[in-house]
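Enquirer: Residue numbers (this note's numbering): 8 to 143.
A single structure is presented below for examination.
Given below as structure tokens:
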């Protein structure tokens, strides 16, 4: 069994996944628009280029996503995607990249459990935690 998060976007899934691919070293494995799906005729023309399904591999994890039709979109809440990073400088770099254009909810810093830990909501509305645990 594998737990795979699925992220809903408000029309910017393609942009977000391409950003994650470049900034997190991910690899988009699949991306389909509404126009290329059996749902094409049910969608308004301006929505047909939006993503009905995408999959990206980030490290060992898979993440799926889609553009939720406007009447079905709900702002993400009650969860965070968490990145476990081994090096403090890399944790800080990734935090800054993901925070650009977003909102920092806890600046990255040393904590009692980690060399670096921080929380943010990226510019696509996705909540993240960056954790770099204490050295063994």
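Glycine included, each C-beta is placed from N, C-alpha and C at the ideal position.
Owing to the predicted nature of the structure, the values given are computational and were not obtained by experimental measurement.
Taking the C-alpha atoms as reference points, what is the distance between residue 125 and residue 47?
Expert: Between the C-alpha atoms of residue 125 and residue 47 there is a straight-line separation of about 40 Å.
Enquirer: Would you grab the beta carbon distance between residue 82 and residue 132 for me? Rounded to a whole angstrom, and I think it's under 8 Å.
Expert: 6 Å
Enquirer: Which residue marks the beginning of the alpha helix (DSSP H) containing residue 72, and which one marks its end?
Expert: Here residue 72 belongs to no alpha helix (DSSP H); instead the beta strand (DSSP E) covers 68–74.
Enquirer: Are residue 73 and residue 35 close, meaning C-beta to C-beta below 8 Å?
Expert: no
Enquirer: Since residue 55 and residue 33 are thought to touch, with beta carbons under 8 Å apart, how far apart are those beta carbons, to the nearest angstrom?
Expert: Incorrect: roughly 25 Å between the Cβ atoms, too far for contact.
Enquirer: Could you check how far apart the C-beta atoms of residue 20 and residue 94 are, in whole angstroms? I think they sit under 8 Å.
Expert: Not quite, the Cβ-Cβ distance comes to about 30 Å (not below 8 Å), so this is no contact.
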